[in-house]
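Enquirer:
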Ligand code: SF4
């Protein structure tokens, strides 16, 4: 029906849904709906219904009525993926539609050991973040977590303020601090901070004597609760990069650069999934272990293989995510753990 109509396309970074907004040029609610979508960088198309000629108005209006079985249309009228609709403008409903909440909401993972109040700030795409969560789970340490890359700008800003307040080094500005933040980022008792994941550092921190091998983490079922949540929160558009595409890409990079891919199959799978997710979100392979600015120009140094991979591999034997290894490090068979962030402030 609407293929013959000329919609105005508003480009936005968030392209998770196919959105068509029907508005009236005279309507305050319609204006607020347009402003909301623009302010949240949501990609959508819109049509000023009242500016069309009578025949086209009838065509659009009757088509929508029939499709959604409605007697009367109200504006703004938002059509989602050509199958659902939202009538009128109510900020909370729009926020709910796009998975935005105005509160910083952590998810609790219960554990027998409640000695500390732990908040884990993670990226849904990051292998080390998943290892950190596994570590806490395996030791039955109760914690709360939040995936920072799945938050709206508004909530992310609020959260960043809180973290900076707790952990900021006086010499660093807010932007410098956040750019340098290493994920996973653990805040204990609202005071102490621990950036990155290193099994021994965690053991020392939590005073754990038990010897665990890194490989033990790999035997867990990949369909963890938070991964299900992640899948629910990000509804990826069809026809984008697949895991197989990313597999070929990582193999090609490793071959071209003379590197090896990690032999930790679980980590490899997690990082490939993370790269695939990021490509489908942003249109480029943003590093799965760093928080993207979601603007290609600003993220260009962290597009995989990132600018820091080579110096990190030369110095530590592997890249920041632990995906690519030098041949020597690979041959030595040592496990990888978090390394310092080389990205400049
Ligand atoms: S090369 Fe860089 S971007 Fe790619 S996985 Fe490693 S650290 Fe991340």
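Numbering (the working numbering), first residue to last: 1 to 345. Ideal placement from N, C-alpha and C gives every residue a C-beta, glycine not left out. Since the structure is predicted, the reported quantities are computational estimates derived from the model, not experimental observations.
If you run the structure through DSSP and keep just helix, strand and coil, what is residue 241?
Expert: Sequence index remark: in the chain shown, residue 241 carries index 241 (1-based). Coil at residue 241, not helix or strand.
Enquirer: In the DSSP assignment, find the alpha helix (DSSP H) that holds residue 205 and state where it starts and stops.
Expert: Numbered from its first residue, the chain shown carries residue 205 at position 205. Its alpha helix (DSSP H) spans residues 199-205.
Enquirer: Give me the residue from 329, 98 and 18 with the minimum Cα distance to residue 81.
Expert: For the purposes of this step, residue 81 is taken as residue 81 along the chain shown, with counting starting at 1. The option with the nearest alpha carbon to residue 81 is 18.
Enquirer: Is it true that the CB of residue 73 sits closer than 8 Å to the CB of residue 64?
Expert: Stepping through the chain shown from its first residue, residue 64 is reached at position 64. Stepping through the chain shown from its first residue, residue 73 is reached at position 73. It is a contact, given that the beta carbons lie within the stated cut-off.
Enquirer: Compute the distance between the beta-carbons of residue 296 and residue 284, then report whether it is under 8 Å.
Expert: Your numbering for residue 296 matches position 296 in the chain shown. Your numbering for residue 284 matches position 284 in the chain shown. A contact, by the Cβ cut-off of 8 Å.
Enquirer: Mapping the DSSP letters down to three states, classify residue 235 as helix, strand or coil.
Expert: Here residue 235 is taken as the residue at index 235 of the chain shown, counted from 1. Below a pLDDT of 50, predicted positions are generally treated as unreliable, and residue 235, at 39, falls in that range; the measurement from the model is reported next regardless. It is coil, neither helix nor strand.
Enquirer: Taking all protein chains shown into account, decide if residue 260 is buried (16 or more other Cβ within 10 angstroms of its Cβ) or exposed.
Expert: Here residue 260 is taken as the residue at index 260 of the chain shown, counted from 1. Classification of residue 260: buried, given that the 10 Å Cβ count is 16 or more.
Enquirer: Considering only the beta carbon of each residue, do residue 182 and residue 25 sit closer than 8 Å?
Expert: Residue 182 sits at position 182 when you count from the first residue of the chain shown. Residue 25 sits at position 25 when you count from the first residue of the chain shown. No, they are not a contact pair.
Enquirer: Fully enclosed by the stretch 99-165, which alpha helix (DSSP H) runs are 4 residues long or longer?
Expert: Fully enclosed alpha helix (DSSP H) runs of 4 or longer: 127-138.
Enquirer: Any residue with its Cβ nearer than 5 Å to a heavy atom of the ligand SF4 should be included. What is that list in chain order?
Expert: In chain order, the hits are 287, 304, 305, 306, 309, 319, 320, 321 and 323.
Enquirer: Does the beta-carbon of residue 133 have 16 or more other beta-carbons within 10 angstroms, so that it is buried, or is it exposed?
Expert: Walking along the chain shown from the start, residue 133 turns up at place 133. Its Cβ being crowded by 16 or more others within 10 Å, residue 133 is buried.
Enquirer: Determine the DSSP secondary structure at residue 307, reduced to helix, strand or coil.
Expert: To locate residue 307, count along the chain shown from 1; it is residue 307. If DSSP states are grouped into helix, strand and coil, residue 307 belongs with coil.
Enquirer: Taking C-alpha atoms, which residue in 277, 116, 35 and 318 lies nearest to residue 10?
Expert: For the purposes of this step, residue 10 is taken as the residue at position 10 of the chain shown. The shortest Cα separation from residue 10 among 277, 116, 35 and 318 belongs to 35.
Enquirer: Output the distance between the C-alpha atoms of residue 323 and residue 91, rounded to the nearest integer angstrom.
Expert: Numbered from its first residue, the chain shown carries residue 323 at position 323. Numbered from its first residue, the chain shown carries residue 91 at position 91. If you take the alpha carbons of residue 323 and residue 91, they lie about 41 Å apart.
Enquirer: How should residue 184 be labelled, buried or exposed, when 16 other C-beta atoms within 10 angstroms of its C-beta is the threshold for buried?
Expert: Here residue 184 refers to the residue found at position 184 of the chain shown. Buried is the call here.
Enquirer: Could you tell me which residues DSSP pairs with residue 195 in its beta bridges?
Expert: Against the chain shown, residue 195 aligns to sequence position 195. Paired residue(s): 185.
Enquirer: Less than 6 Å between C-beta atoms, sequence neighbours within five positions excluded: which residues of the same chain meet that for residue 118?
Expert: Position 118 of the chain shown, counted from the start, is the residue given in the question as residue 118. Around residue 118: 143 and 188.
Enquirer: Starting from residue 330, follow the alpha helix (DSSP H) in both directions and report where the run begins and ends.
Expert: Taking the first residue of the chain shown as position 1, residue 330 is located at position 330. Where residue 330 is concerned, the enclosing alpha helix (DSSP H) stretches over 327-332.
Enquirer: Just confirm the distance between the C-beta atoms of residue 206 and residue 139, as a whole number of angstroms; I'd bet it's less than 8 Å.
Expert: Reading the chain shown from its first residue, position 206 is the one you call residue 206. Reading the chain shown from its first residue, position 139 is the one you call residue 139. With 8 Å as the limit, residue 206 and residue 139 qualify as a contact, their Cβ atoms being about 7 Å apart.
Enquirer: Taking Cβ to Cβ, would you say residue 290 is nearer than 8 Å to residue 243?
Expert: Looking up residue 290 in the chain shown gives position 290. Looking up residue 243 in the chain shown gives position 243. No, the pair does not count as a contact, with Cβ atoms beyond the cut-off.
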